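The structure appears right after this line, and notes come after that.
In structure tokens form, the structure reads like this:
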């Protein structure tokens, strides 16, 4: 569903409970690059 809102870290943890934190943070960083926003707590490796 497109709400125009970016979920916070807790929401993402709930939605993607089966993946590692490293993978989650990499996904957040990748989203930030695509969306053109900097996500300070997520660094892609």
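Residue numbers (the working numbering): 1144 to 1188. We put the beta carbon where it would ideally sit given N, CA and C, even for glycine. Please read these numbers as outputs of a predicted model, since none were measured by experiment.
query                                                                             : result
Whole-angstrom distance between residue 1177 and residue 1147, CA atom to CA atom : 15 Å
Straight-line Cα distance separating residue 1164 from residue 1174               : 15 Å
Residue 1163 (DSSP reduced to helix, strand or coil)                              : coil
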